[in-house]
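Heads up, the final residue of the sequence shown is numbered 124 in the numbering used here, and it's a clean run with no missing numbers.
The beta-carbon is built from N, C-alpha and C at its ideal position, and this holds for glycine as well.
Okay, so here's the structure we're looking at.
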Amino acid sequence: MALIYHELYIPLDTESTFDYIAIKQGDAGSHKLRATLISNNSVYTIPTSNVAHYFKFRKPDNTYVLVQATVTNNQIIADVTEEMLRVSGTGRGEFMIVQGNTELKSATFYFKTVPQTYTSDDVISSSDFSTFASLL
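In structure tokens form, the structure reads like this:
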């Protein structure tokens, strides 16, 4: 199966952007977010030493997902997880770089989870902080 990359250009010096991606429920494992970060209208060089990279996502039902991100070729990349796609509707995401007690967050962008054709009523959405738990 092909892996689909959603290419984003996300500013660091604004609160939100009109970037908008859409992914169908149930398509976890086949999508990744890949962002180039922009600062002062130039490509930002993402630090890779002594830092951690994350994707923070607020689902349409106001539960949260935190995903460890990676940096390759000066782009920050995060997997689209099953929990991120659990609830249909529009959520919000941002990338975050953490060094010690300092956080640098990208602008917020919108993430639409499109309902799948067949759904089960017994699937329950919840917050997923497994990345955070693994750091403890």
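Practice problem: My understanding is that Leu54 touches Lys44, with C-beta atoms under 8 angstroms, so please give their C-beta distance in whole angstroms. | Solution: Taking the sequence shown and counting its residues from 1, one reaches residue 54 at position 66. Taking the sequence shown and counting its residues from 1, one reaches residue 44 at position 56. Taking 8 angstroms as the upper bound for CB-CB distance, Leu54 and Lys44 are in contact here, some 6 angstroms apart.
Quiz item: Would Glu82 be called buried (16 or more neighbouring beta carbons within 10 Å of its own) or exposed?
Solution: Residue mapping note: residue 82 aligns to position 94 of the sequence shown, counting from 1. Of the residues assessed, Glu82 falls on the buried side of the cut-off, its CB having 16 or more other CB atoms within 10 angstroms.
Practice problem: Excluding the 5 residues preceding and the 5 following Val75 in the sequence, name in chain order all residues of the same chain whose CB lies nearer than 7 angstroms to its CB. | Solution: For the purposes of this step, residue 75 is taken as the residue at position 87 of the sequence shown. The beta carbon of Val75 is closer than 7 angstroms to those of Lys47, Pro48, Asp49, Thr101, Ser113 in its chain, skipping five residues each way along the sequence.
Exercise. Can you tell me which of Ile26, Arg22, Gly77, Ile(-8) puts its alpha carbon nearest to the alpha carbon of Ala95?
Key: Here residue 95 is taken as the residue at index 107 of the sequence shown, counted from 1. Looking from the CA of Ala95, the closest CA among Ile26, Arg22, Gly77, Ile(-8) belongs to Ile26.
Quiz item: What first and last residue would you give for the beta strand (DSSP E) that runs through Met84?
Solution: Within the sequence shown, the letter at position 96 stands for residue 84. Counting along the chain, Met84 sits inside the beta strand (DSSP E) bounded by residues 77 to 87.
Practice problem: Please say whether Gln13 and Leu92 have beta carbons closer to each other than 7 angstroms? | Solution: If you number the sequence shown from 1, residue 92 lands on position 104. If you number the sequence shown from 1, residue 13 lands on position 25. For the pair Leu92 and Gln13, the CB atoms are not nearer than the 7 angstroms cut-off.
Quiz item: Do Thr78 and Tyr52 come within 7 angstroms of each other at the CB atom, strictly closer than that value?
Solution: What you label residue 52 is simply residue 64 of the sequence shown in a count that begins at 1. What you label residue 78 is simply residue 90 of the sequence shown in a count that begins at 1. Thr78 sits away from Tyr52, with the two beta carbons spaced by 7 angstroms or more.
Quiz prompt | Pairwise C-alpha distance: Thr60 and Asp116 | solution = Residue 116 sits at position 128 when you count from the first residue of the sequence shown. Residue 60 sits at position 72 when you count from the first residue of the sequence shown. Per the coordinates, the alpha-carbon of Asp116 lies some 25 angstroms from the alpha-carbon of Thr60.
Self-check item: Given Asn29 as reference, the closest of Asn62, Ile(-2), Ala16, Thr58 once Cα atoms are compared
Solution: Within the sequence shown, the letter at position 41 stands for residue 29. Closest in alpha carbon position to Asn29, among Asn62, Ile(-2), Ala16, Thr58, is Ile(-2).
Exercise. Measure the C-alpha to C-alpha separation of Thr2 and Thr69 and round it to an integer number of angstroms.
Key: As a working note, residue 2 is residue 14 in the sequence shown. As a working note, residue 69 is residue 81 in the sequence shown. Their backbone Cα atoms lie some 26 angstroms apart in a straight line.
Quiz item: To the nearest angstrom, how far is it from the Cα of Leu21 to the Cα of Gly88?
Solution: Within the sequence shown, numbered from 1, the residue matching residue 21 stands at position 33. Within the sequence shown, numbered from 1, the residue matching residue 88 stands at position 100. For Leu21 and Gly88, the distance between alpha carbons rounds to 25 angstroms.
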